[in-house]
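Undergrad: Everything in the sequence shown is counted per this note's numbering, starting at 13 for the first residue and increasing by one.
Beta carbons are placed, not taken as given, at the ideal position from N, Cα and C, and that holds for glycine.
Sharing a structure below in structure tokens format, with a few things to ask.
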Amino acid sequence: MMRSMNDRVSVTLTSLTASFLIMATAASIMIAWVGDDWTLFIPAMLLLGGMFALFIGFRQRAGAFGRREVGEGNFLMFWGTLLMAIGTIWVVNYAYPGNWLFLLIAFLLWLALAILLFTLRRR
């Protein structure tokens, strides 16, 4: 049976997540191997996982997966940006060591802004 160009393909969120995490693990291994420093594996996983959670959160918040999952979109967006912030802090500290105070200040400012933005209600 042949499919036409207009047929939609259904992918469950679980299979999408599993396949992305396998690809993110492979990419993180490559980053660590090319950089010749295996401590880069963790921040690469944090950044890639955070980007995925942020993407899925945007989609859920927009109602792409169903109406009841809009609140879960905010949850995923918060945790996705948190993973990305921790990964970014790790990479910046790796590239420019000794800046923990400024990185802590930047993280606290991000946290305050994230809490403010994710708790705002539309009228």
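What's the C-alpha gap between A56 and F64?
TA: Cα to Cα, A56 sits roughly 12 Å from F64.
Undergrad: Use the C-beta contact count for A74: other C-beta atoms within 10 angstroms, 16 or more gives buried, fewer gives exposed.
TA: Under this definition A74 is an exposed residue.
Undergrad: By a C-beta neighbour count over all protein chains shown, 10 Å radius and 16 as the cutoff for buried, is A97 buried or exposed?
TA: Buried, because 16 or more other Cβ atoms sit within 10 Å of the Cβ of A97.
Undergrad: From what residue to what residue does the alpha helix (DSSP H) around G110 run?
TA: Neither: G110 is in no alpha helix (DSSP H) and is coded neither H nor E.
Undergrad: Which residue wins for smallest C-alpha separation from F70, given the options T93, D48, W50, F53?
TA: Closest by alpha carbon: T93.
Undergrad: In the structure shown, what three-state DSSP assignment does A74 receive?
TA: In the structure shown, A74 sits in coil (DSSP, three-state: anything other than H, G, I, E or B).
Undergrad: Beta-carbon within less than 6 Å of F53's beta-carbon, same chain only, minus the 5 sequence neighbours each way: which residues are those?
TA: S40, A44.
Undergrad: Using the C-alpha atoms, what's the distance from G61 back to A36?
TA: Spanning the two alpha carbons is a distance of roughly 7 Å.
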